[in-house]
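Residue numbers (my numbering): 62 to 244.
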């Protein structure tokens, strides 16, 4: 029987070139067809259960995980959603105390910059919920908050421990005052 390759017998003397027209074996998945259907159905059922049992966020309109999407592609929020996001930012700032105590400066910087990136827009939007008489107090509290967050960012970046704690406490005090004005 002639082989398709002329030098195959010389190279591989123990192998004989048999049936050169035999097609290559079909490559199939590791699971047979009915097992694949069962596995896919189970995966879809588990994913559906996970989606339906997830707790809802405070404001569903801005629940993104991407900074770029949230910063550049999301439309502006309503005044009530902006107030809800300011309240959630206040809770988040209270929760980073452990990161400051362990001196995880990189994570603190990232968190502060992420929150301050959209906080200025939310502060402007949330001012629409206040009556005209309280807007001047709100503007003062908002300016104080922005200044304290900028100082906190600077001192965390350097990193100066005492000043970081000092401006962290000032930032917490100013955001709590702001949330109290919005209530």
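The beta carbon of each residue, even a glycine, is placed where N, CA and C say it ideally should be.
As the structure is a prediction and not an experimental result, all values here were calculated from the model.
Distances from the CA of residue 222 to each of 242, 194, 160, 192 were compared; the closest alpha carbon is that of 160. Leaving aside the five residues that flank residue 228 on each side, the residues in its chain whose CB is nearer than 7 Å to its CB run, in chain order, 209, 212, 213, 216. Contact annotation: residue 157 and residue 172 have beta-carbon atoms nearer than 7 Å. Residue state for residue 219 is assigned as coil, using DSSP reduced to three classes. Each of 196, 230, 169 was checked against the Cα of residue 220, and the nearest Cα belongs to 169.
Secondary structure at residue 137: coil, using DSSP grouped into helix, strand and coil. The beta carbon of residue 205 sits closer than 7 Å to the beta carbons of 235 from its chain, once the five residues preceding and following it are set aside; these are given in chain order.
Leaving aside the five residues that flank residue 202 on each side, the residues in its chain whose CB is nearer than 8 Å to its CB run, in chain order, 235, 238, 239, 242.
By the beta-carbon neighbour count (other beta carbons within 10 angstroms, threshold 16), residue 244 is exposed.
Distance from the Cα of residue 185 is smallest, within the candidate group 147, 106, 225, 233, for 147. Per DSSP, residue 174 is one residue of the alpha helix (DSSP H) stretching across 166-187. Excluding sequence positions up to five before and after residue 226, its CB lies within less than 8 Å of the CB of 161, all in the same chain and listed in chain order. Of the candidates 150, 141, 102, 104, 141 places its Cα closest to the Cα of residue 188.
Annotated as proximal: residue 183 and residue 143, with beta-carbon spacing under 7 Å.
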